[in-house]
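S.K.: I have a structure I would like to understand better, so I am pasting it below and will then ask my questions one at a time.
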Amino acid sequence: MPGMPSDSTSILPFSLESSAHQQPPIYPLQHRLSSPLSRIHVSWSRGNVLHVTCLRPPPPAEEQEEEDESMDGDGVEEEEEVGGMAVEVILGGAMLEGEIREEKKRRIAYESLKSFAFLNDKKMSLAKMEETDMNAPSRTYWWQYALQYSRSINDLLSNPRSPESLIQDPRIFLKEGEESSATKGAWELMEIFYVDIQLLSWLPERLVDWLEDYDSRLLSGTESTVHSKLANLQRKLAKLQIVEDDSDYWSGLASALSVGWLHVVVKLLKLHGSYDLDQMDNRETENGLVEAVSRLITEMPRMRSDNNTPDEKLGVFYQTKQDYIKGLEEWRGKVSGLESTSFWLQCEHRKTRDGLKSLLQIMLGNLRIIVDSTFNWVELLISHLIYIRPLTNGLEGLNNLAEKCMQLKPSSNNNGLAGLLIAIISENPEVVLADCLKTFGPWIVAHAVDLLTSNNEYIDAVLNEERYNLGGTSIGEIYVLVYAQALASHSLTWQVAPAYLSCLNQGPGLLEVLLLSQPVQNYRSVLKTLEICHLYELSNISPQIMRNAGMNQWKHGNKALAIHWFKQSRDKTILSRIAQQLFDFVGNSLSDQSFKQLEGLMELLGSDIGTAGGLDFLHKYRDFKKALQQIIEGGETDATRKITELLIQLMKNPSTPQRFWLPLLHDSVKLLEWKDRPILNVSDTNLLLGKLQELSMAKLRHELQEFAIGPNALASIRLALAKNLGRAILQES
Amino acid sequence: MADSDDHRGFLYHLHHQPAPVSAVQWLPSTSPFHRHAVLASPSALQIHSLSSPNNLHLTSSHPLSSPITSLSCPPNPSSVTLTLAAGTSTGSLHFLFVNPYDGSFNSDSVSVSDKSAFHSGPIQSIDTQTGSTGESITVTAGEDGRVNIVTLGGERVENIRVCESEGLAAYTAVKWGSEVEFVTGGVGPGLQWWDTRRPGGAVAQFKGIWGGGMIHSMDIHPSRKHTCVVGGSAGTVFAWDLRYQNQAVELAGGSKSRVLSRSEIWEVKYDHFAPLISSRNVLPVMVCSEDGFLAVLNQDEDPVQLLEEPCAINSFDIDPQNPSDVIFALEWESIGILSRGKEAIAMD
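Here the protein sequences come in this chain order: W and V.
Whatever position you read off the first sequence (first residue = 1), add 185 for the numbering used here.
Whatever position you read off the second sequence (first residue = 1), add 1013 for the numbering used here.
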């Protein structure tokens, strides 16, 4: 038996402990059944989806009756007592694939096709331009298209924000609305580093913005971040009366400042008790210090070269490096001035004094305090970029800095966005893509290849080089292929897959396989599949799809659709075979009901199908049967001449098979016994007698097939013929 | 959600749905401010309310066990509730009752399903009309080659088999022409005209003008009950006049050069909004296609494209009371609403 182990040693004992080196993935199932399971049935679904059916033991018979009774009055119970549950398990899925809902994922698949097709289109036209004109500035155009592409995909990933309320609660300082997904964060990170080359001059600031949006998504699991700390603080503040007495308030302030969220810091400082109008004691100096720190924060120099900085961003913006350095020195001078002022001695609130002083230390780049206020290496890296090494340039510098930060804040898992950041700054495009696939699933990788290669000829070479060990494809193509396969495994998205397959070297072959494996039960789906064949110039496989559809319909007894598909596929062989079957079917027996079937089928097949003379005979035979029916029903004497003509034609025609002679003769008995006058003349009757003689000889030689006409058929036909011959001779003489 | 506006004064809104929509139809409305549309999703019938083209929200949903292939809901002035009929891919027919004021389903419903006496395969098309005594008369056409007429009056359901072809035909479209006549389209017999006063078979037949394609949809104009417009495979749209049974007037596709598309025309409907040209025999029709076109066709004129979508438009409906508005279902799990003309802009 195939697949059976040949001996017992081929079954290995499996234990969780022994495989600690490579931990087996565990997928917890949520079947929501209260009672223990009695049976589990596992089956493969499409793609990497496993269907697990969990069945609970059948309730004892008595209990069931009781349940039935109780169910009558109460519909809720019905739901609790289901017999089992089928659950889907997605195997080997990416870590964060589940963060986007299925329907949103399909929406992204549909919409990103447009952007992908747009970019592919441009790629082709640029390639053409380069062919004709060597000096064509394709590279300059290219990154603009890539940026346009990147932005359109980025828009797709956004969630619609709920409109902001007009009344702003001073105690709400974090952005409201649905949180951005980590997938979007990954996309933006790649856009920053690979596409938008204008951004490179103010990369540090761009990373500050990025962290603000995605800090909550930085690490998987429950590890705390500045964002989570501030979220907790926000909840706490709603109930707190005197904020400055709370140490979380001050540490929250320090954390927010160290990652550069200036507007959050300023907003939080406004909550300080010294701003209250109904003060019991004199806090003027204290308030002055809070205000001074807050003012210095809003005046912080920042290097941004974009013209449309959002209003909420605080700081003084500089376009050029020289201006920025000048501004920075001036500002640092002010900060140190405030740090060493004597007003601190007059500040009686100890927590305020210490808290504000540590804020000033952060602004001056005090590493110890910054390390304490941040939670992971990425946040620490961002603080470095803001306060300690604001002029870090290039990926190499960033990489060195990141390594230093990782030493200061070692992290057990660098999955997700943090991992992606490491891969990017260590200039390892292969790792970037592999990480993306592992964390975010196939969609992002397939689309990111074009981001990575848009501005970098080295990466372009690495990803688009055809490799022998990959079967002649490139790394980039492999990722597009993986995504196309994911699309193809879902019945709603498979129609998107051909667009991706068609731009691969080995695409056409795979597309054929995909199209041929589509279900053929529903004629509308078949037409949709055929449309795709037409679109991608694969008309050579459409006949096969039609044939499959026809076979399916034939099996289910839908002859009309079956013959329709066979005719569309122009499959003469199958149609001839059907015609042959008809032939056999007619030869065996022919009741009125089956005659109707025959007539319908012949109508469907048309006259030009079948072996030479085969269907032609059937058509004539049908006409004869029809005329006979008419004569018997209506007794029309005018038609008798036509019918004798048909009969004689059929009997004379060499293509009429011998086994049809007897049914024909049997049918003609009705004509032979026509009451008023003999219908067949002498020579016609002689012809029929001759045929009857041949049949009798054949019967003696046992060559004749048995017909369901009756044992005495030959005798009765002979008698009728003899009688008619007599009548005809009399009439003719 | 996506909106757009173009130079023709068209206003166009897309509403993403969480599941594919196989059929879509306006419900006869009680006032211009309470418009509702019914959507057939794989597991349920949904009524959405529409206060303006860009504001569509679900008001009521009725679960069904099998996918819906066809919808029909005739206006019924004599009754306060609307009867909505839905045919399914497993051969069952469901009648649901809708309150036209708030767009909610009544709790009761009536179903017909019987593999031997009704349909044994998918019902591909249904059409419902209201009889003289307020009963709903639905004609159903099935891939199994059966045509039935189901009459629903009060609690009573009655089913008459009009045709049983035992696999020798597969019906794909049906449409009432008058109280007693209807037309069917299918694989095998082509177009057939039936008269319930003359049982025993079709009274007229037309095999079509294109090389063995399929018929997907038909429409008959109340003022020209002898003419039926037909949409089918290979971008073919033509009109069949009962008075000239052996010929057809081509509107698109076929042998003429007026080509809109070479793919499937999934639905065809008379367009009450397009201007009439009196010299033409055939009134203007709207069609939607597999390759994403929504267009208006006039006899002897080039097609007027309304929309070109990146995916198939599977179904559409023109609001009978407000014919400038069209609702349509896209392959990519979306519903679109197109408002033509000035009132659309005023509304926004």
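The beta-carbon is built from N, C-alpha and C at its ideal position, and this holds for glycine as well.
If you measure beta-carbon to beta-carbon, which residues of the region 1104 to 1135 of chain V are closer than 8 Å to chain W?
M.R.: Within the region 1104 to 1135 of chain V, the residues whose Cβ lies closer than 8 Å to some Cβ of chain W are 1134 and 1135, listed in chain order.
S.K.: Quick one: what's residue 1143 of chain V bridged to in DSSP?
M.R.: For the purposes of this step, residue 1143 of chain V is taken as residue 130 along the second sequence, with counting starting at 1. V:1149.
S.K.: Can you find a C-beta in chain V that's less than 8 Å from the C-beta of residue 725 of chain W?
M.R.: Looking up residue 725 of chain W in the first sequence gives position 540. For residue 725 of chain W, the answer is no, since every Cβ of chain V falls outside 8 Å of its Cβ.
S.K.: Please return the same chain residues whose Cβ sits closer than 6 Å to the Cβ of residue 1113 of chain V, not counting the five positions on each side in sequence.
M.R.: As a first step, residue 1113 of chain V must be located in the second sequence, where it is residue number 100. Answer for residue 1113 of chain V: 1043 and 1095, listed in chain order.
S.K.: So that I know if they touch, is there some Cβ in chain W lying closer than 8 Å to that of residue 1349 of chain V?
M.R.: Within the second sequence, residue 1349 of chain V is the residue found at index 336, counting from 1. Not one chain W Cβ lies under 8 Å of residue 1349 of chain V.
S.K.: Mind checking residue 1204 of chain V: buried by the 16 CB within 10 Å criterion, or exposed?
M.R.: As a first step, residue 1204 of chain V is located in the second sequence; it is residue number 191 there, counting from the start. It is buried - the Cβ of residue 1204 of chain V has at least 16 other Cβ atoms within 10 Å.
S.K.: Can you give me, in chain order, the residues of the region 1172 to 1183 of chain V that have a beta carbon less than 8 Å from any beta carbon in chain W?
M.R.: Flagged, chain order: 1178, 1179, 1180, 1181, 1182 and 1183.
S.K.: Taking all protein chains shown into account, decide if residue 489 of chain W is buried (16 or more other Cβ within 10 angstroms of its Cβ) or exposed.
M.R.: In the first sequence, the residue the question calls residue 489 of chain W occupies position 304. Buried, by the Cβ-count rule.
S.K.: Return the residue from the list W:742, W:664 and W:736 that minimises the CA-CA distance to residue 754 of chain W.
M.R.: Your numbering for residue 754 of chain W matches position 569 in the first sequence. Of the listed residues, the one whose Cα sits closest to residue 754 of chain W is W:736.
S.K.: Nearest CA to the CA of residue 610 of chain W: which residue from W:413, W:583 and W:602?
M.R.: Locating residue 610 of chain W in the first sequence gives position 425, where the first residue counts as 1. For the residues W:413, W:583 and W:602, the minimum Cα distance to residue 610 of chain W belongs to W:583.
S.K.: If you check the beta carbons only, do residue 410 of chain W and residue 418 of chain W fall under 8 Å apart?
M.R.: As a working mapping, residue 410 of chain W is identified with position 225 in the first sequence. As a working mapping, residue 418 of chain W is identified with position 233 in the first sequence. No. Outside cutoff.
S.K.: Return the bridge partner residues of residue 1282 of chain V from the DSSP annotation.
M.R.: In the second sequence, counting from the first residue as 1, residue 1282 of chain V sits at position 269. Partner(s): V:1299.
S.K.: Say whether chain W places a C-beta atom closer than 8 Å to the C-beta of residue 1158 of chain V.
M.R.: In the second sequence, counting from the first residue as 1, residue 1158 of chain V sits at position 145. Judged by the 8 Å Cβ criterion, residue 1158 of chain V is in contact with chain W.
S.K.: Give the residues from the region 1016 to 1041 of chain V that approach chain W closer than 7 Å (Cβ to any Cβ), ordered along the chain.
M.R.: Answer set for the region 1016 to 1041 of chain V: 1029, 1031 and 1033.
S.K.: Compare the C-beta of residue 1074 of chain V against all C-beta atoms of chain W and say whether one is closer than 8 Å.
M.R.: Taking the first residue of the second sequence as position 1, residue 1074 of chain V is located at position 61. It does not; no Cβ of chain W falls within 8 Å.
S.K.: From the beta carbon of residue 288 of chain W, is the nearest beta carbon of chain V less than 8 Å away?
M.R.: Counting from one through the first sequence, the residue named residue 288 of chain W turns up at place 103. Residue 288 of chain W counts as touching chain V.
S.K.: Does the distance from the C-beta atom of residue 435 of chain W to that of residue 540 of chain W stay below 8 Å?
M.R.: Your numbering for residue 435 of chain W matches position 250 in the first sequence. Your numbering for residue 540 of chain W matches position 355 in the first sequence. For residue 435 of chain W and residue 540 of chain W, yes; Cβs fall inside 8 Å.
S.K.: Which residue spans inside the region 505 to 587 of chain W form an unbroken alpha helix (DSSP H) run of at least 4?
M.R.: DSSP runs (the alpha helix (DSSP H)) wholly in the region 505 to 587 of chain W: 506 to 524, 528 to 531, 535 to 548, 552 to 558 and 562 to 568.
S.K.: For the beta strand (DSSP E) that residue 714 of chain W lies in, which residues bound it at each end?
M.R.: Taking the first residue of the first sequence as 1, we reach residue 714 of chain W at position 529. Where residue 714 of chain W is concerned, there is no enclosing beta strand (DSSP E), although the alpha helix (DSSP H) it sits in stretches over 708 to 720.
S.K.: For residue 451 of chain W, name the three-state secondary structure that DSSP assigns.
M.R.: If you number the first sequence from 1, residue 451 of chain W lands on position 266. Residue state, collapsed to three classes: helix.
S.K.: Buried or exposed, going by whether 16 or more other CB atoms sit within 10 Å of the CB of residue 1070 of chain V?
M.R.: Translated into positions along the second sequence, residue 1070 of chain V becomes position 57. Classification of residue 1070 of chain V: exposed, given that the 10 Å Cβ count is below 16.
S.K.: Within 10 angstroms of its Cβ, does residue 430 of chain W collect 16 or more other Cβ (buried), or is it exposed?
M.R.: Counting from 1 along the first sequence, the entry for residue 430 of chain W is found at position 245. Residue 430 of chain W is exposed by the Cβ-count criterion.
S.K.: Mind checking whether residue 1280 of chain V and residue 1032 of chain V have CB atoms under 8 Å apart?
M.R.: Taking the second sequence and counting its residues from 1, one reaches residue 1280 of chain V at position 267. Taking the second sequence and counting its residues from 1, one reaches residue 1032 of chain V at position 19. Not closer than 8 Å, so no.
S.K.: Could you give the DSSP three-state label for residue 1109 of chain V: helix, strand or coil?
M.R.: Residue 1109 of chain V sits at position 96 when you count from the first residue of the second sequence. It is a strand residue.
S.K.: In whole angstroms, what is the alpha-carbon distance linking residue 730 of chain W and residue 830 of chain W?
M.R.: Your numbering for residue 730 of chain W matches position 545 in the first sequence. Your numbering for residue 830 of chain W matches position 645 in the first sequence. Looking at the two C-alpha atoms, the distance is approximately 45 Å.
S.K.: With distances taken Cα to Cα, identify the nearest neighbour of residue 1303 of chain V among W:414, W:680, W:851 and W:834.
M.R.: As a position in the second sequence, residue 1303 of chain V is number 290, starting the count at 1. Closest option to residue 1303 of chain V, Cα to Cα, is W:680.
S.K.: Does residue 313 of chain W come within less than 8 Å of chain V when only Cβ atoms are used?
M.R.: Stepping through the first sequence from its first residue, residue 313 of chain W is reached at position 128. Chain V contact via Cβ: absent.
S.K.: According to DSSP, is residue 1375 of chain V helix, strand or coil?
M.R.: As shown, chain V starts at 1014 and ends at 1361. That puts residue 1375 of chain V outside it, with no answer to give.
S.K.: Thinking just about the alpha-carbon of each residue, which of V:1309, V:1255, V:1101 and V:1220 is nearest to the one in residue 1237 of chain V?
M.R.: Mapped onto the second sequence, residue 1237 of chain V falls at position 224. Here the closest residue by C-alpha is V:1255.
S.K.: Could you tell me whether the region 721 to 730 of chain W touches the region 696 to 705 of chain W, where touching means 3 or more Cβ pairs closer than 8 Å?
M.R.: Touching, yes, given that three or more Cβ pairs across the two stretches are closer than 8 Å.
S.K.: What does the Cβ neighbour count give for residue 528 of chain W, buried or exposed, with the cut at 16 atoms within 10 Å?
M.R.: As a position in the first sequence, residue 528 of chain W is number 343, starting the count at 1. Result: exposed.
S.K.: So what's residue 1353 of chain V in DSSP terms, helix, strand or just coil?
M.R.: Here residue 1353 of chain V is taken as the residue at index 340 of the second sequence, counted from 1. It is coil, neither helix nor strand.
S.K.: The beta strand (DSSP E) spanning residue 379 of chain W covers which residue range?
M.R.: As a first step, residue 379 of chain W is located in the first sequence; it is residue number 194 there, counting from the start. Unbroken run through residue 379 of chain W: none, as it is neither H nor E.
S.K.: Let me see if you follow: with CB-CB separation under 8 Å, is residue 344 of chain W close to chain V or not?
M.R.: Taking the first residue of the first sequence as position 1, residue 344 of chain W is located at position 159. Taking Cβ atoms only, chain V never reaches closer than 8 Å to residue 344 of chain W, which makes this a no.
S.K.: Which stretch, first to last residue, makes up the beta strand (DSSP E) that contains residue 1318 of chain V?
M.R.: Locating residue 1318 of chain V in the second sequence gives position 305, where the first residue counts as 1. Run containing residue 1318 of chain V: 1317 to 1321, per the beta strand (DSSP E) assignment.
S.K.: Give a yes or no on contact between the region 1303 to 1318 of chain V and the region 1020 to 1031 of chain V, applying the rule of three or more CB pairs nearer than 8 Å.
M.R.: With the cut-off at 8 Å, the region 1303 to 1318 of chain V and the region 1020 to 1031 of chain V do not touch.
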